[in-house]
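The next block holds one structure in the form of structure tokens; read it before the comments.
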Amino acid sequence: MTRLILSRLAQAILTLLMTSLIIFVLARSSGSPADLVLPSDSTPAERVAYIERMGLDKPVLQQYAIFLRDAVHGDFGVSIRTGAPATELVFSRIGRTLVLATAGLLVAVVISIPLGVMAAVHRGRGWDRFSMSFALLGQSTPAFWLSVMLILVFAVRLRWLPSSGTGSWQHFLLPSLVLGWSISAGVVRLLRSSMLEVLGAEFVKLARAKGLSERTVIWKHALRNALIPVVTFIGFMYGVIIASGVVIEVVFGWPGLGYLAYESTLWRDFPVLQLAVLVYTAIIVGINFFVDLAYGLIDPRVRS
Amino acid sequence: MTSMTLQAKAGGPLRRGLRKIFIDSKVPLVPLGIVVASLLVAVFADFLVLYDPLAIDPGAAQLPPVFADGGSWAYPLGTDRLGRDILSRIILGTRVSLSIAAATILLGGLVGTALGLLAGYRGGWVDALIMRTADGFLAFPSILLALVLAVTVGPSFWVVVIVLALVLWARFARLVRGDVLALKGRDFVQLARVAGASGPRIVFRHILPNVLNTLMVLCTLQVGWAIIVEASLTFLGAGVPPPTPTWGGMVSEGLDYVESAWWISTMPGLAILLIVFSYNLVGDWVRDALDPQLRNI
Amino acid sequence: MPETTTSTPLIEVRDLQTHLFSKRGVGRAVAGVSFDLHAGETLGLVGESGCGKSLTCLSVLRLNPQPASRIVGGNVRFRGDDLLTKSEAEMRQYRGKKISMILQDPMRALNPVLTIGDQLYEALILHRGLRGRELRDAACELLERVRIPDPAAGLAAYPHHFSGGMRQRVVGAIAMAGNPEVLIADEPTTALDVTVQEEFLELLKSIQQQDGLGILFVTHDFAVVARMCDRVAVMYAGRIVETADTDTLFDAPRHPYTQALLRSVPDVSRRDERLFSIDGQPPSVFAPLPGCSFAPRCEHATERCRSSAPPPVQAGGRSVSCWLYEEKP
Chain A
1 MTRLILSRLA QAILTLLMTS LIIFVLARSS GSPADLVLPS DSTPAERVAY
51 IERMGLDKPV LQQYAIFLRD AVHGDFGVSI RTGAPATELV FSRIGRTLVL
101 ATAGLLVAVV ISIPLGVMAA VHRGRGWDRF SMSFALLGQS TPAFWLSVML
151 ILVFAVRLRW LPSSGTGSWQ HFLLPSLVLG WSISAGVVRL LRSSMLEVLG
201 AEFVKLARAK GLSERTVIWK HALRNALIPV VTFIGFMYGV IIASGVVIEV
251 VFGWPGLGYL AYESTLWRDF PVLQLAVLVY TAIIVGINFF VDLAYGLIDP
301 RVRS
Chain B
1001 MTSMTLQAKA GGPLRRGLRK IFIDSKVPLV PLGIVVASLL VAVFADFLVL
1051 YDPLAIDPGA AQLPPVFADG GSWAYPLGTD RLGRDILSRI ILGTRVSLSI
1101 AAATILLGGL VGTALGLLAG YRGGWVDALI MRTADGFLAF PSILLALVLA
1151 VTVGPSFWVV VIVLALVLWA RFARLVRGDV LALKGRDFVQ LARVAGASGP
1201 RIVFRHILPN VLNTLMVLCT LQVGWAIIVE ASLTFLGAGV PPPTPTWGGM
1251 VSEGLDYVES AWWISTMPGL AILLIVFSYN LVGDWVRDAL DPQLRNI
Chain C
2001 MPETTTSTPL IEVRDLQTHL FSKRGVGRAV AGVSFDLHAG ETLGLVGESG
2051 CGKSLTCLSV LRLNPQPASR IVGGNVRFRG DDLLTKSEAE MRQYRGKKIS
2101 MILQDPMRAL NPVLTIGDQL YEALILHRGL RGRELRDAAC ELLERVRIPD
2151 PAAGLAAYPH HFSGGMRQRV VGAIAMAGNP EVLIADEPTT ALDVTVQEEF
2201 LELLKSIQQQ DGLGILFVTH DFAVVARMCD RVAVMYAGRI VETADTDTLF
2251 DAPRHPYTQA LLRSVPDVSR RDERLFSIDG QPPSVFAPLP GCSFAPRCEH
2301 ATERCRSSAP PPVQAGGRSV SCWLYEEKP
């Protein structure tokens, strides 16, 4: 078991390193990485000093080593826009993004599980059609546009909710709803097909033959098995959740990591953008890692 | 012995697949019509636009659509802040969106299929390497990659295509590999091996045709995904840059005018919704007709 | 093997009909099945795959898959009560408690995410209302009864820790948890190794003798029939074509299908003979024949056989549905 954990951990770190390498290479491919990192009003002397320090005249691998060395010391450069260390900016925003992502996930779970189960149990009839239409609609609606529409209706026309910012539960409501909705579509479909497969299994037949009520058969026996692929899917989907999160943060002005990434794109504030992307990747990799572990908890077959 | 009469259907996997799609199952006419129409619009956009989508006319700025107060048939969906006809821009935007989707699927699909076939057939470290790489790419949020590229290389049509293809290839690779693994054990492949056929020959003549089902389904289902991601990227400013009219860009432009001229942001979004919905429905139909077992895609 | 008993049957099935509903139309998968099962006896139900044996078993407990299938006619009486008229809630009083079922595939019969103990407790709580210490003891007892070594450890184990044979025995334990009077066994040994098979059958026999269970044993293996069954019903294309005591059936089979089946069982001692197989295939359930379903493959078939289906003819504790036997009961 510990060997499994260690190997997964090693894989996670490897993925993280690969991502940092990709970004690193991309930065250098843009021609003059110094321009990316230094403010536009820096003097030629400062430029030369930077090039020397970062070893931009040295071979690429050596540069990467320098980058890693700095990274281990927590030095990810300085924001072009504010002059503060990139780490300061990025880490102040992580919390809000995680809060939003978790809320969105909860909303998605609360919506999708009943819908997915009902769709499978009532296959071909009312609930199934409704759930599938719901899922289809969810997958066809761009999150950014839905956000704008909801703002139009609830903030502009009805004035019930604020249109952007943070500070109260009202600010929280629309963004988490949109995030939850955009995730739930895929989950509903997967859960439905997973349930259908499980409901046809031998042990379900036997559970009914035991005399158990249909409710027990569905929620205790079938669902637990059907959730297994869904859990991995959600972990897998975290990348998508994050991506949707970025757009939603931007539309609603939710000051999280995604909004920061967007701002840094506008300002061409590369050090901050780079760190933001790395942190995002770390979060995704971390979640995948924990999902793998959770998989072992849920499916006893994996443990041995 | 089963009590089903066996009917040998003629034709290779492609013919059988097409027969299953068009003859054996119910054709969803409206979504299919919309899909076909969208393709036609994309190709003939230049002839279908009412006005030059790029022409600026400050005098006609922010006119409402025909069904709202003050609207007219002259500008059926209204105009934007620069007086450009929204309908015409949506029409031209169809071409942009579908071109990106097509390019992405072609690029990502070809690379992904090739690598999937390789991984599935070779197995061993080749398989492990390809799959790990694929996992790495799948974990990476494309939006952030696009943002990075927008800053380093600068946003453009091809940047978007490459970013999307970088994620898409991994999806194709995984599914194709799965198919190949399942097919490798089947009798007809073993027979080909025994008969002395070489690796590449087996892959192309025997395995690839049977993977076509998965490919067809995946292609149709990914169009909607590509359109939405591209629109999101352009909305954030990391996609296709102006003045090319894109649906995402139009929504973004209309943000500041949401109170006064709500149609600028609403109309293009509705276009996205309609098109993606139709493509997804058609994709579902293709998938259900070919093999409902694929419902996990 | 005990003589055919003339006591009241535990289960009386009369003219049971279950139809399949699919894109191909309506299939008469169970087309009028009748049999009796008495306490303490094992009735074998034999036939090729697809003849409707499994669906018959599921129909008795009203567990036929819906909406793909539906019971459309006949009655199934347990101690006189017609199960087909019961509500779903009432049926649950019978399942597991009066009539139990074990299935074919031990690898898939148990829920992989719950422990053996959980699945046993479930049945014990439901049928005997036990808890705490009593519950655990009863579960251990059941596992001992089906000869699982170290029952205490077994309770905490997961199904994937057990071999196929052991899993099947656990399935048997769960089936016995409610002290049922009837056990329906749908090919329980088909997926087991031969040696494991024998152990399991022996176990089943001993439990039957202790409890006076009536067992409906579905199989397609005549060796198992010879070993286990007191009486046999032969099924073909959704109907029972012959019923008799096991010995009588083997010695003097009457229905041409039964004769052909017995002939096609390879005899290891006669190695120089060619294997016998019956030409043709059973008719599709979606396209039933107007007359006897076996007529196209029968060497004795006449015009009458093809135009009208022969009714079962009873005589001396056996019955056969074939026009050959109309005049000589």
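Residue numbers (the working numbering), protein chains in the order written: chain A, 1 to 304; chain B, 1001 to 1297; chain C, 2001 to 2329.
Cβ coordinates follow ideal geometry from the N, Cα and C atoms, glycine included.
Helix, strand or coil for Met1131 (chain B), going by three-state DSSP, please let me know. As a working mapping, residue 1131 (chain B) is identified with position 131 in the second sequence. Here Met1131 (chain B) sits in helix by DSSP.
With distance defined between alpha-carbon atoms, name the residue in B:Arg1171, B:Gly1033, B:Phe1047 nearest to Ile1105 (chain B). Numbered from 1 along the second sequence, position 105 holds the residue referred to as residue 1105 (chain B). That would be B:Arg1171, whose Cα lies nearest to the Cα of Ile1105 (chain B).
Check whether Leu2010 (chain C) and Leu2037 (chain C) have beta carbons under 7 Å apart: If you number the third sequence from 1, residue 2010 (chain C) lands on position 10. If you number the third sequence from 1, residue 2037 (chain C) lands on position 37. For Leu2010 (chain C) and Leu2037 (chain C), yes; Cβs fall inside 7 Å.
Other residues of its chain near Arg2227 (chain C): CB distance less than 7 Å, five sequence neighbours each side excluded: On the third sequence, residue 2227 (chain C) is found 227 positions in, with the first residue counted as 1. Cβ neighbours of Arg2227 (chain C) beyond the five flanking positions: Leu2201.
Please confirm whether Trp1125 (chain B) has its beta-carbon closer than 7 Å to some beta-carbon of chain D. In the displayed structure, chain D is absent; the protein chains listed are A, B and C.
Within the 7 Å Cβ cut-off, does Arg2167 (chain C) reach chain A? Within the third sequence, numbered from 1, the residue matching residue 2167 (chain C) stands at position 167. False, the Cβ-Cβ gap to chain A never drops below 7 Å.
May I ask you to list the residues that DSSP assigns as paired with Ser1142 (chain B)? Here residue 1142 (chain B) refers to the residue found at position 142 when the second sequence is read from its first residue. Answer is none; Ser1142 (chain B) lacks a bridge partner.
Which word fits Glu2141 (chain C), buried or exposed, when buried means at least 16 other C-beta atoms lie within 10 angstroms of its C-beta? Here residue 2141 (chain C) is taken as the residue at index 141 of the third sequence, counted from 1. So Glu2141 (chain C) counts as exposed.
Taking C-beta to C-beta, are Pro1028 (chain B) and Trp1285 (chain B) nearer than 7 Å? Your numbering for residue 1028 (chain B) matches position 28 in the second sequence. Your numbering for residue 1285 (chain B) matches position 285 in the second sequence. Closer than 7 Å, so yes.
Check Phe2294 (chain C) in the structure and name its three-state DSSP category. Here the question's residue 2294 (chain C) lines up with position 294 in the third sequence. Coil, per DSSP.
What would DSSP say about Ile2148 (chain C), mapped onto helix, strand or coil? The residue given as residue 2148 (chain C) occupies position 148 in the third sequence. It is coil, neither helix nor strand.
Going by beta-carbon coordinates alone, are Cys2305 (chain C) and Ala2315 (chain C) separated by less than 7 Å? Locating residue 2305 (chain C) in the third sequence gives position 305, counting from the first residue. Locating residue 2315 (chain C) in the third sequence gives position 315, counting from the first residue. The answer is no: Cβ separation not under 7 Å.
Looking at C-alpha atoms only, which residue of B:Leu1040, B:Val1049, B:Leu1092 is the closest neighbour of Met1250 (chain B)? The residue labelled residue 1250 (chain B) in the question sits at position 250 within the second sequence. For the residues B:Leu1040, B:Val1049, B:Leu1092, the minimum Cα distance to Met1250 (chain B) belongs to B:Leu1092.
Terminal residues of the beta strand (DSSP E) in which Thr2042 (chain C) lies: Within the third sequence, numbered from 1, the residue matching residue 2042 (chain C) stands at position 42. Element bounds for Thr2042 (chain C): 2042–2046.
Contacts that Pro85 (chain A) makes with chain B (C-beta to C-beta distance below 7 Å): Working through the first sequence from its first residue, we reach residue 85 (chain A) at position 85. In chain order: nothing, as chain B lies at least about 19 Å away.
Return yes when at least one heavy atom of the ligand GDP lies under 6 Å from the C-beta of Leu38 (chain A), else no. Of ligands this structure carries none, so the ligand GDP is not represented either.
Using CA coordinates, which residue listed in A:Glu52, A:Leu106, A:Phe270 is at the minimum distance from Ser89 (chain A)? In the first sequence, counting from the first residue as 1, residue 89 (chain A) sits at position 89. Contrary to the premise, residue 89 (chain A) reads as Leu rather than Ser in this sequence. With distances taken between Cα atoms, Leu89 (chain A) lies closest to A:Phe270.
Name the chain B residues that come within less than 7 Å of Glu43 (chain A), Cβ to Cβ? Translated into the one-based positions of the first sequence, residue 43 (chain A) becomes position 43. Residue identity differs from the one stated: residue 43 (chain A) is Thr in this sequence, not Glu. In chain order: nothing, as chain B lies at least about 23 Å away.
Using C-beta distances below 6 Å, list every residue in its chain close to Thr19 (chain A), excluding the 5 sequence neighbours before and after it, in chain order. Numbered from its first residue, the first sequence carries residue 19 (chain A) at position 19. Excluding residues within five positions, the ones whose Cβ falls inside 6 Å are Thr281.
Per DSSP, which one or two residues make a beta bridge with Asn225 (chain A)? Residue numbering aside, residue 225 (chain A) sits at position 225 when the first sequence is read from its first letter. Answer is none; Asn225 (chain A) lacks a bridge partner.
Cβ-based burial, Leu4 (chain A) [other Cβ within 10 Å; buried from 16]: Taking the first residue of the first sequence as position 1, residue 4 (chain A) is located at position 4. Burial call: exposed.
Arg192 (chain A) to Val1036 (chain B), Cα distance in whole Å? The sequence position of residue 192 (chain A) within the first sequence is 192, counting from 1. The sequence position of residue 1036 (chain B) within the second sequence is 36, counting from 1. Rounded to the nearest angstrom, the two C-alpha atoms are 30 Å apart.
If contact is defined by three or more beta carbon pairs under 8 Å, each pair taking one atom from either stretch, is the region 109–123 of chain A in contact with the region 1229–1249 of chain B? no
Taking only the alpha-carbon atoms, compute the straight-line gap between Pro1076 (chain B) and Pro1155 (chain B) and give it to the nearest angstrom. Taking the first residue of the second sequence as position 1, residue 1076 (chain B) is located at position 76. Taking the first residue of the second sequence as position 1, residue 1155 (chain B) is located at position 155. In a straight line, the C-alpha of Pro1076 (chain B) is about 31 Å away from that of Pro1155 (chain B).
What is the DSSP secondary structure of Ser2034 (chain C), reduced to helix, strand or coil? Walking along the third sequence from the start, residue 2034 (chain C) turns up at place 34. Strand, per DSSP.
Using a Cβ distance threshold of 8 Å, determine whether the region 1211–1227 of chain B contacts the region 1132–1151 of chain B, with at least three qualifying pairs required. no
Within the 7 Å Cβ cut-off, does Glu202 (chain A) reach chain C? Looking up residue 202 (chain A) in the first sequence gives position 202. Closer than 7 Å to some Cβ of chain C, the Cβ of Glu202 (chain A) qualifies, so yes.
Counting beta carbon pairs with one atom in the region 2161–2176 of chain C and one in the region 2105–2117 of chain C, are three or more of them shorter than 8 Å? yes
Cβ-based burial, Phe2021 (chain C) [other Cβ within 10 Å; buried from 16]: Residue mapping note: residue 2021 (chain C) aligns to position 21 of the third sequence, counting from 1. Its Cβ having fewer than 16 others within 10 Å, Phe2021 (chain C) is exposed.
Are the CB atoms of Ser176 (chain A) and Phe252 (chain A) nearer to each other than 7 Å? Within the first sequence, residue 176 (chain A) is the residue found at index 176, counting from 1. Within the first sequence, residue 252 (chain A) is the residue found at index 252, counting from 1. No, the Cβ-Cβ distance between Ser176 (chain A) and Phe252 (chain A) is not below 7 Å.
Exposed or buried, which one is Arg125 (chain A) when buried takes at least 16 other CB atoms within 10 Å? Within the first sequence, residue 125 (chain A) is the residue found at index 125, counting from 1. Arg125 (chain A) comes out exposed.
When you compare only the Cα positions, how much space is there between Pro2282 (chain C) and Ala2237 (chain C)? For the purposes of this step, residue 2282 (chain C) is taken as the residue at position 282 of the third sequence. For the purposes of this step, residue 2237 (chain C) is taken as the residue at position 237 of the third sequence. Those two C-alpha atoms are separated by around 6 Å.
Which residues in chain A sit within 9 Å of Leu1147 (chain B), going by Cβ to Cβ distance? In the second sequence, counting from the first residue as 1, residue 1147 (chain B) sits at position 147. Correct list: Val246, Ala261, Tyr262, Ser264, Thr265, Leu273, Ala276, Val277.
When the cut-off is 7 Å and only beta carbons count, does Val2025 (chain C) lie next to chain A? Locating residue 2025 (chain C) in the third sequence gives position 25, counting from the first residue. Checking the sequence shown, residue 2025 (chain C) turns out to be Gly, not Val. Not an interface residue.
Would you mind telling me which residues of chain A sit closer than 7 Å to Glu1259 (chain B), beta carbon to beta carbon, in chain order? Your numbering for residue 1259 (chain B) matches position 259 in the second sequence. Neighbours of Glu1259 (chain B) on chain A, chain order: Val156.
To the nearest angstrom, report how far apart Met1267 (chain B) and Thr1079 (chain B) are at their CA atoms. Within the second sequence, the letter at position 267 stands for residue 1267 (chain B). Within the second sequence, the letter at position 79 stands for residue 1079 (chain B). Straight-line Cα distance between these residues: approximately 10 Å.
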